[in-house]
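In this note's numbering, the protein residues as written are 954 to 1219.
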């Protein structure tokens, strides 16, 4: 049975819910190949270890009452990697999806897919399985619902371009009353692949790199960005708690200025 953990800083409100807990945490899971090299193993072993870590991190997030998680599984730029590594990554993703399928159904996990799954370069077995997983978990609901977004063949720029095209098509469609005057942030967001998903509060990137790498570019406008030197296969509960503790100390202003009251002179 899954346990509920308090926030790592130990602070809770009157209902017992953690204070300053991110609702949505997104991960750039970097460092699998470097982990493998450090252990004198082939890169495929690093991707397998990274997949195992993913399952543990999802458990950790649910234990800590985080409601949404997005995992950057494979970017549109990852096709530039050697063919054998691309094949290994996609094979590991399919194996992991098969392992996770029943757990998702049993543990109230809703799976959302982000990215171009129509790309013919993707293995049909992988895309068929993921689409079935998304369909079979679409109606999950309840207080313990956990939403996992899988970014596969995803690029933030491409998502924005695709949304822009769909927006233009909607304006040009004579069968709708949608006009240029109706275009605002909410309207634009409704054409992104992330529609219905709250923006990430916290984006974690492992392995020491300090960039987003085309990940959730529109959605990351006010996300807190946490960079750690820990390689993804080593990102254990301590590393997760470190990230959440760092987030808990942040003062999120969303562009506003927090004005402190002036001291009263007596």
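C-beta: ideal position from N, C-alpha, C; glycine also.
As assigned by DSSP and simplified to three states, the class of residue 1060:
It is coil, neither helix nor strand.
Rounded C-alpha distance that separates residue 1073 from residue 1088
Between residue 1073 and residue 1088, the C-alpha separation is close to 21 Å.
Going by DSSP in three states, residue 1023 sits in which element: helix, strand or coil?
It is a strand residue.
Does the contact criterion of 3 or more C-beta pairs under 8 Å hold for the segment 970–987 versus the segment 1004–1022?
Touching, per the Cβ criterion.
Report yes if the CB atom of residue 1146 is closer than 7 Å to the CB atom of residue 1058, and no otherwise.
The answer is no: Cβ separation not under 7 Å.
For residue 1168, which of helix, strand or coil comes out of DSSP?
DSSP places residue 1168 in coil when its eight states are reduced to three.
Cα-Cα, which of 1098, 1040, 1001, 1028 is closest to residue 1052?
Ranked by how close their Cα comes to the Cα of residue 1052, the residues 1098, 1040, 1001, 1028 have 1001 in first place.
Does residue 966 come out as helix, strand or coil in the three-state DSSP assignment?
Confidence at residue 966 is low in this model, with a pLDDT of 46, below 50, so the placement of that residue is unreliable and no value is reported for it.
Whole alpha helix (DSSP H) runs in the segment 1065–1144 with 4 or more residues, listed along the chain?
At a cut-off of 4 residues, the continuous stretches assigned as alpha helix (DSSP H) that sit fully inside the segment 1065–1144 are 1077–1089, 1109–1125, 1138–1142.
Kindly indicate which three-state DSSP category residue 1054 falls into: helix, strand or coil?
Collapsing the DSSP output to three states places residue 1054 in a helix.
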